[in-house]
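Counting with mature numbering (1 follows the signal peptide of the UniProt record, and there is no 0), you get residues -23 to -1, 1 to 162 for the letters of the sequence shown.
Note that CB positions come from ideal geometry on N, CA and C, so glycine has one too.
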Amino acid sequence: MKSSHFLVAALTASFLFSGNALAADTHTATAVRATSPEQSGGTFKYSTNRQIAAEQKNVYDTIIRYQNALNAGDTKTILNLFADESYSQWNDKLTADTTAERRQQYDDLFQREKFETDFAFDTIWINGDTAVVRTHHHVGSVVTNFKEQKTVIDLNREVFVMRKVNGQWKIFLYTFNTNPLQGEA
């Protein structure tokens, strides 16, 4: 399994630090409830290869299920979107590398906060059974802290590394960081 970790890391690094993506880099800052990643307000464009485009759509559908579960505070659905061997790495938190750790991570999060997040898709890159997805949050995405009864803008951008398992796209690695400008990739 170590070789697959290396492969995913190598693919992610080469993608993130090179210009070889299946997505365009033109910026559109229109916040829209998307029915496709091309309409999400990010820079993503479907591949002209129909087979890759079909897989990009399947990956998009998985990430939208994640987004909807995040907004609903639905830990169970989120956990089902992760591969058995997978990782979630959040700002200021230890890496969750088991389902039990992820369950605790999301349950704790949803007890504290409510999300109104709309992902803008910047990249859905496919290579065989591996996909890399980059998203950022639209202007207007917010998170409400229950204890403080305070709503603030949500300044995150995400990277999802996906793996196809038994014909379904699953999250292998989820990480995010805080973006200094909301609505920007």
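- Shown here, residue 38 sits in a helix according to DSSP, grouped into three states.
- The segment 114 to 130 and the segment 20 to 30 do not touch, with fewer than three beta-carbon pairs separated by less than 8 Å.
- Between residue 149 and residue 15, the CB-CB gap reaches or exceeds 9 Å.
- Per DSSP, residue 141 lies in no alpha helix (DSSP H); the unbroken beta strand (DSSP E) holding it starts and ends at 133 to 142.
- Straight-line measurement puts the Cα of residue 152 at about 8 Å from the Cα of residue 68.
- For residue 138 and residue 46, the gap between their C-alpha atoms comes out near 18 Å.
- Residue 70 is classed as exposed because its beta carbon has fewer than 16 other beta carbons within 10 Å across all chains shown.
- With at least 16 other beta carbons inside 10 angstroms of its own, residue 111 counts as buried.
- Looking at the DSSP output, residue 67 sits in no beta bridge, so it has no partner there.
- The continuous stretches of alpha helix (DSSP H) do not include residue 108, which lies in the beta strand (DSSP E) extending over residues 107 to 114.
- In this structure residue 87 is not in contact with residue 121, their Cβ atoms being roughly 11 Å apart against a cut-off of 8 Å.
- Secondary structure at residue 62: strand, using DSSP grouped into helix, strand and coil.
- The Cβ-Cβ distance between residue 133 and residue 107 does not fall below 9 Å.
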